[in-house]
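J.: According to my numbering, the residues represented by the sequence shown are 1167 to 1230, in order.
Take this structure, written in structure tokens, and hold onto it; I'll ask about it next.
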Amino acid sequence: VLHDIHGGQWVYEQIAPQTFVRRRMTVERVAGKDAVLAGGPGVGAKVVTAGAVELFGTELGTGK
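Next up, the structure:
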């Protein structure tokens, strides 16, 4: 889960090979290693679990 400077919560969803879209989401609570969502990508969505910071930097033009 990425947090922007305004407190927004985001994840990247893979929608096709090598294609990712940033989606707004809201964490309701954390249960162990899992985040229970109050809103966000639907069930079965392929969500990035490693490399999201790099995607965020690339999208905003701040990545290396």
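We put the CB at the ideal spot given by N, CA and C, even for glycine.
These figures come from a predicted structure and were not determined experimentally.
Tell me whether GLY1206 sits in a helix, a strand or coil according to DSSP, three-state version.
T.: Position 40 of the sequence shown holds residue 1206. In the structure shown, GLY1206 sits in coil (DSSP, three-state: anything other than H, G, I, E or B).
J.: Under 6 Å Cβ to Cβ from LEU1168, same chain only, skipping five residues before and after it: list those, please.
T.: The count along the sequence shown starts at 1 and reaches residue 1168 at position 2. Same-chain partners within the cutoff: TRP1176, ALA1218, PHE1222.
J.: Taking LYS1185 as part of the beta strand (DSSP E), name the residues at either end of that continuous run.
T.: Taking the first residue of the sequence shown as position 1, residue 1185 is located at position 19. A quick correction: the sequence has Thr, not Lys, at residue 1185. 1185 to 1197 is the span of the beta strand (DSSP E), which, as asked, contains THR1185.
J.: Going by C-alpha distance, which of LEU1226, GLY1206, ARG1190, GLU1179 is nearest THR1215?
T.: Here residue 1215 is taken as the residue at index 49 of the sequence shown, counted from 1. Nearest of LEU1226, GLY1206, ARG1190, GLU1179 to THR1215, Cα basis: GLU1179.
J.: Just tell me which of LYS1199, ALA1197, ILE1181 has its CA closest to the CA of GLY1208.
T.: As a first step, residue 1208 must be located in the sequence shown, where it is residue number 42. Out of LYS1199, ALA1197, ILE1181, ILE1181 has the C-alpha closest to the C-alpha of GLY1208.
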